[in-house]
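K.L.:
My structure is below; once you've seen it, I'll send some questions.
2 protein chains.
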Amino acid sequence: MSTTVSPLAPTDVPEMPAIAGVKLATAAAGIRYKGRTDVLLAVMDKGTTVAGVFTKSKCPSAPVEWCRAKLGRGQARALVVNSGNANAFTGKTGKQSTALTAQTAAKAVGCTTADVFLASTGVIGEPLDATKFDGVLATLADTATPDHWMDAAKAIMTTDTFPKVATATVKLGKAKVTINGMAKGAGMIAPDMATMLSFVFTDAPLSSAVLQSLLKSGVEDTFNAITIDSDTSTSDTLLAFATGAAADDGAPKISRASDPRLKAFARAFQSVLADLAEQVARDGEGARKLVEVIVEGATTKNSARKIAMSIANSPLVKTAIAGEDANWGRVVMAVGKAGEPANRDKLSISFNGIRVAKSGARDPSYNEAEVSEVMKNPKIQIKVALGLGKGRDRVLTCDLTKEYVAINGDYRS
Amino acid sequence: MSTTVSPLAPTDVPEMPAIAGVKLATAAAGIRYKGRTDVLLAVMDKGTTVAGVFTKSKCPSAPVEWCRAKLGRGQARALVVNSGNANAFTGKTGKQSTALTAQTAAKAVGCTTADVFLASTGVIGEPLDATKFDGVLATLADTATPDHWMDAAKAIMTTDTFPKVATATVKLGKAKVTINGMAKGAGMIAPDMATMLSFVFTDAPLSSAVLQSLLKSGVEDTFNAITIDSDTSTSDTLLAFATGAAADDGAPKISRASDPRLKAFARAFQSVLADLAEQVARDGEGARKLVEVIVEGATTKNSARKIAMSIANSPLVKTAIAGEDANWGRVVMAVGKAGEPANRDKLSISFNGIRVAKSGARDPSYNEAEVSEVMKNPKIQIKVALGLGKGRDRVLTCDLTKEYVAINGDYRS
C-alpha cells in the first residue's frame, strides 16, 4: 500500500449501498503488514449462489484450487480474503492452510467448509500461517455488518494506491436490485479469465449457472481486456455472489441466462466489471497515464485483441507514453511483431484523435507541436486503423515509469 | 550512443584480423547525429556469396524488403549500413531511398544495384534523405581498407554503449580461414530470425546455399535466444558474406551444407554468432545484470524455449533481478503464464547454483543470506527444472532498470 495515491485514481468515489444478505468485517491479523487491516470476511445468507473465473496459470495458488473444487455446488456462505501472502507455490503447506482457514471460517459462520470461498494476495512462495485466523474470523463473524464496503476494499490491497469499488442499481422485473463490486490489483496484471482479485455481490435471485454465464461473458471485454505488465498472476480470482434477497421485494428468480428479463441486469453487471477493471488499470504500479488502445479494421475481433495487447504490453510503447512522446514508430513495431494480419502500407495511427501516420507513412499534415500538446493529457488513446476488415477491439493499460521499476525492484526485500 | 559504457561490456576485446576480399570505410553523413560516424560501406571482391535472415515483423523496414528481394541471386559486392534512421514505416519514400542508396553505392563500387545490400537502424517513421550519401559513398569506396573493423562496428551503433565484434580462425581443408562479425543492438531486441543488425564476413569459399544453411541453423540458439525487452524490431537483419579468397590458399570450395569438411567451420561460425548475441544482451538498455535462463526437464526443447522466454521477458522477474532479489515467486508466475506443460509440485528453481525452491515449495535448506550474496553478482543464472521430460533450452537477457525507462522515455524527443 503506497502512501502516494495514483494521479489516475477516480475523483468520484461512489457511496456503496448495503446488499441484503451480505455482511462484511475486516481485521488486522498480522499476516505480513503492520498497522493495517489484512483480512476480510464476507458472510452471506443461506441460499446465496456463487460463480467464479480464475487464472489460467499452470501454477495456480492454493486458494484458486480450493475455489475451483468447491464451485460445482454453486452455493456460498462465506468469503475469506487476506492480503500480504498469496499462498501460492506453497506445496502441501498451502493446501493445509486453505483447509484450516475454511474450517475456522465455517465454524465462525456456522456452515460447511464447502460453502467457504478463499482468496489470498501478496508474496508468492512463503508459507501462509493460517493459525493467525484463529479467533479473528469468529470475532469478524460476530461483528459483520451490511456496510463497511470501503473498509473491505482496503483490507485486500497490496501495492494498490486506492481502494476500488463500484456499484449499480437496476430493475429486475419490477424490483430494484443492487450490484456491488470491489477489486484489488496494481502489478502482475495481465488477466487471462479474471484479474488479481475481484468480488461482486448482488441481491438478485440468480441461479449459479446464470451468474457463471454473466461472469464468463462479462469478463472478456473488462478484466481480460486490461494489462499492466503482461505478467499473469498465479492468483487471479473473480467471484460473484447472488444472495437472492431481492426476491422478497418481488424480483423474479432467474435460472436461464437467455431470460429476457435479465438484459438490463446483465448490462449493469457488465458496467460494474468494466468500472472495476478500469480502476485496476488506473492503479497500475507507477502509472502516470491511463492508455486506451483501440484497434480497428482487423480481420477479426480476436486478431484486433492480439494486436491491441501487443501494443499495450510493449515496454517501448509504454515508456514512450511515459515520456509524452507520440512515438508511432514503436506502435508500428508492436503491430508488426504481433504476428497477426497487417499491411504496413494501409496502417493509420492516431494519438488522442490526432492522426500522426496514414497509409504506412507519416501523415502529411503531421504537426509535432500539436501532437506534443495532447500527449500531456493523463489519458492517452492510441487508435490503430489496419484497413483490412471489420475486427475491432479495445484494451486498457498504463505507461511504464521509473516508479514501476522502483516498486518492483524492492517489493519482497 | 551513451557516454557510460555498460558494466557488462566484455573486458577482452579481440584484435580483428583482415578478411581477404573485404574492405571497410566509415563516414559522418549527418543522418541524425552530430560529431560521429553514421555510415559504413563494406566493399567485397567479385565472387562473394551472401546469405541473410530477417525480422518476421509484418511491418518490415524498406532495407529489409530490399535485401529479401536481392538475396535470391546469392551474390554481393557492397553493404551500406547507416545509423540514426531506420527507414522503416516510410512508405514510398522509403522504397525510393533504398533504390537511390543502392544506385549511389553501385556507382561508387562499380557493380549492379542488385549486388548492393542495405541496412538502416535508428528512428522509425521519419523519411531517410538518401541524397546525404551523394559523394560520401564514392569517397568511402576510394578509401576503404581491410582493417577498420572497430570503426565499422562503431558507425552502426544507436543506443549501444560499446561496439560489438567477434572473430574466429579455423581450418577449412588445410587452409586457415577467418570469420569476422559485428553487431549492434541494445533495445527493441526480441529477435525472431535475427537480431537488430549483424554482419558476418569470411574468406571461406562457401556457396550462398551453404552460407544460408549455416545462418539458419546458427541463429536459433544465438540471436533467436536473446531478448532485452520482448519488442521485435522492424529491421532485424543478419547478413553473412563469404568472399572465397581463401581458395587461393587451398581452402576447398564447399557447396553442400552436409559436407563433412564444414564441421569445424560451422562450430566456429556458430561461436561468432553466439559471442555477438551475448554482447547484444550485455548491452541491453540500462542493463546492470546479464541473466541466463536455463529451463530443463520440459516436455520438448520448444516448450523449454517458450518457458525460458516467458521468464526472460517478465518485467517482474527482470525488476526483481535489478533489485538483487531472488524472487522465485515471480519465476513461478512466469512459468505458469507460459501456457506450456508444467507441474507446480515438481518445480525446482535455482539462482546461481543455489536451489531456492524444490518440489513446488521453498527449499527446506533455503538460506536468505546465502542467496542474497550471490544476487550481487553481475551475471545471474536462473535455472528451472520442470521434472517432466528431457526438453532443455537456454536464453540470455538482462535486468530491467530505471535507466531502461529513462533511455526509452526520451529517445526520440
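Heads up: the sequence lines are chains P and Y, in that order.
All letters in the first sequence, in the order written, are residues 1 to 413 by my numbering.
All letters in the second sequence, in the order written, are residues 414 to 826 by my numbering.
Built from N, CA and C at the ideal position, the CB exists for glycine as well.
All values derive from a computational prediction rather than experimental measurement.
Let me confirm a value: Ser-235 (chain P) is counted as buried when at least 16 other C-beta atoms fall within 10 Å, else exposed. Which label applies?
P.N.:
buried
K.L.:
Using CA coordinates, which residue listed in P:Leu-273, P:Gly-84, P:Asp-203 is at the minimum distance from Ser-217 (chain P)?
P.N.:
For the set P:Leu-273, P:Gly-84, P:Asp-203, the Cα lying nearest the Cα of Ser-217 (chain P) is the one of P:Leu-273.
K.L.:
Hey, Val-395 (chain P) and Ala-322 (chain P): beta-carbon distance below 9 Å or not?
P.N.:
no
K.L.:
In chain order, what residues of the same chain lie with their CB nearer than 7 Å to the CB of Lys-376 (chain P), ignoring the 5 residues before and after it?
P.N.:
Within the same chain, Lys-376 (chain P) has close Cβ partners Glu-324.
K.L.:
Starting from the C-beta of Ile-338 (chain P), find all residues in its chain whose C-beta is less than 6 Å away, skip the five residues before and the five after it, and write them out in chain order.
P.N.:
First, the residue type needs correcting, since residue 338 (chain P) is Ala and not Ile in the sequence shown. Apart from sequence neighbours up to five positions away, the residues of its chain that approach Ala-338 (chain P) with a beta-carbon distance below 6 Å are Lys-306, Ile-307, Ser-310, ordered along the chain.
K.L.:
Does the Cβ-Cβ distance between Gly-409 (chain P) and Thr-814 (chain Y) come in under 9 Å?
P.N.:
yes
K.L.:
Which runs of the beta strand (DSSP E) at least 3 residues long sit entirely within the stretch 426-452 of chain Y? Give them in chain order.
P.N.:
Entirely contained in the stretch 426-452 of chain Y, the beta strand (DSSP E) runs reaching 3 residues are, in chain order, 435-440.
K.L.:
Any contact between the stretch 465-474 of chain Y and the stretch 439-448 of chain Y? By contact I mean 3 or more CB pairs, one from each, below 8 Å.
P.N.:
no
K.L.:
Drop a sphere of 10 angstroms on the beta-carbon of Ala-782 (chain Y), count the other beta-carbons inside from all chains shown, and report buried for 16 or more, exposed for fewer.
P.N.:
exposed
K.L.:
Does any CB atom of chain Y fall closer than 9 Å to the CB of Pro-341 (chain P)?
P.N.:
yes
K.L.:
Roughly how many whole angstroms lie between the Cα atoms of Ile-793 (chain Y) and Glu-691 (chain Y)?
P.N.:
14 Å
K.L.:
Please report the distance separating the alpha-carbon of Thr-608 (chain Y) from that of Thr-615 (chain Y).
P.N.:
With a pLDDT of 42 at Thr-608 (chain Y), under the threshold of 50, the modelled position of this residue cannot be trusted, and the question is left open.
K.L.:
Taking the straight line between their C-alpha atoms, what separation do you get for Ile-349 (chain P) and Thr-713 (chain Y)?
P.N.:
40 Å
K.L.:
Are there three or more Cβ pairs, one per stretch, closer than 8 Å when the stretch 656-672 of chain Y is compared with the stretch 616-625 of chain Y?
P.N.:
yes
K.L.:
Asp-758 (chain Y) and Ser-778 (chain Y) look like a contact to me (Cβ under 8 Å); what is the Cβ gap, rounded to whole Å?
P.N.:
Their Cβ separation, rounded to whole angstroms, is 18 Å, which puts Asp-758 (chain Y) and Ser-778 (chain Y) out of contact at 8 Å.
K.L.:
Excluding sequence positions up to five away, which residues of its chain have a Cβ less than 6 Å from the Cβ of Gly-391 (chain P)?
P.N.:
The residues Ala-298, Thr-299, Thr-300, Lys-301, Ser-303, Ala-304, in chain order, have a CB closer than 6 Å to that of Gly-391 (chain P) in the same chain once the five nearest residues on each side in sequence are set aside.
K.L.:
Counting only Cβ-Cβ distances shorter than 8 Å, please list the residues of the stretch 670-700 of chain Y near chain P, keeping chain order.
P.N.:
Those residues of the stretch 670-700 of chain Y that come within reach of chain P (Cβ to Cβ, closer than 8 Å) do not exist; the list is empty.
K.L.:
Who are the near neighbours of Ser-626 (chain Y) in its chain, counting only those whose CB is closer than 7 Å to its CB and skipping five residues on each side?
P.N.:
Ala-670
K.L.:
In terms of DSSP beta bridges, what is Met-722 (chain Y) paired with?
P.N.:
Answer is none; Met-722 (chain Y) lacks a bridge partner.
K.L.:
Using the Cα positions of Leu-316 (chain P) and Ser-611 (chain Y), report the straight-line distance between them to the nearest angstrom.
P.N.:
22 Å
K.L.:
Going by the CB atoms, is the gap between Val-784 (chain Y) and Ile-767 (chain Y) shorter than 9 Å?
P.N.:
yes
K.L.:
Exposed or buried, what is Lys-107 (chain P) when buried is set at 16 or more other beta-carbons lying within 10 Å of its beta-carbon?
P.N.:
Around the beta carbon of Lys-107 (chain P), fewer than 16 other beta carbons lie within 10 angstroms, which makes this residue exposed.
K.L.:
On the criterion of 16 or more Cβ atoms from any shown chain inside 10 Å, does Lys-383 (chain P) qualify as buried, or is it exposed?
P.N.:
buried
K.L.:
Check whether the Cβ of Asp-662 (chain Y) lies closer than 9 Å to any Cβ atom in chain P.
P.N.:
no
K.L.:
Apart from the five residues just before and just after Ala-357 (chain P), which ones in its own chain have a Cβ nearer than 7 Å to its Cβ?
P.N.:
Around Ala-357 (chain P): Trp-328, Leu-347, Ser-348, Ile-349, Asp-363.
K.L.:
Hey, how far is the Cα of Leu-24 (chain P) from the Cα of Thr-232 (chain P)?
P.N.:
29 Å
K.L.:
Would you please state the rounded distance, in angstroms, between the beta carbons of Thr-267 (chain P) and Leu-8 (chain P)? I believe it to be under 8 Å.
P.N.:
Before going further, note that residue 267 (chain P) is Arg rather than Thr in the sequence given. So it is not a contact: roughly 25 Å between Cβ atoms.
K.L.:
What does DSSP give as the partner residue(s) for Gly-84 (chain P) in the beta ladder?
P.N.:
P:Gly-122
K.L.:
With 7 Å as the C-beta to C-beta threshold (strictly closer), list the residues of the stretch 807-825 of chain Y near chain P in chain order.
P.N.:
Leu-813, Thr-814, Lys-815, Val-818, Ala-819, Asn-821, Gly-822, Asp-823, Arg-825
K.L.:
At a Cβ threshold of 9 Å, is Thr-98 (chain P) touching chain A?
P.N.:
Among the chains of the structure shown, chain A does not appear; the protein chains present are P and Y.
K.L.:
Taking any Cβ of chain P, which residues in the stretch 504-537 of chain Y have a Cβ under 9 Å from it, in chain order?
P.N.:
Residues passing the 9 Å Cβ filter: Gly-504, Lys-505, Thr-506, Gly-507, Val-536, Ile-537.
K.L.:
Under DSSP, the beta strand (DSSP E) around Asn-462 (chain P) begins and ends at which residues?
P.N.:
Residue 462 (chain P) cannot be examined here, being either before or after the span of chain P that is shown, 1 to 413.
K.L.:
Classify Gly-72 (chain P): buried if its beta carbon has 16 or more other beta carbons within 10 angstroms, exposed otherwise.
P.N.:
It counts as exposed.
K.L.:
Rounded to the nearest angstrom, how far is the Cβ of Ala-653 (chain Y) from that of Leu-624 (chain Y), given a contact under 8 Å?
P.N.:
5 Å
K.L.:
Below 8 Å CB to CB, which residues in the same chain sit around Ala-264 (chain P) once its five sequence neighbours on both sides are set aside?
P.N.:
Val-170, Lys-171, Leu-172
K.L.:
Which residues mark the beginning and the end of the alpha helix (DSSP H) in which Gln-381 (chain P) is found?
P.N.:
First-last for Gln-381 (chain P): 379-385, but that is the beta strand (DSSP E), not the alpha helix (DSSP H).
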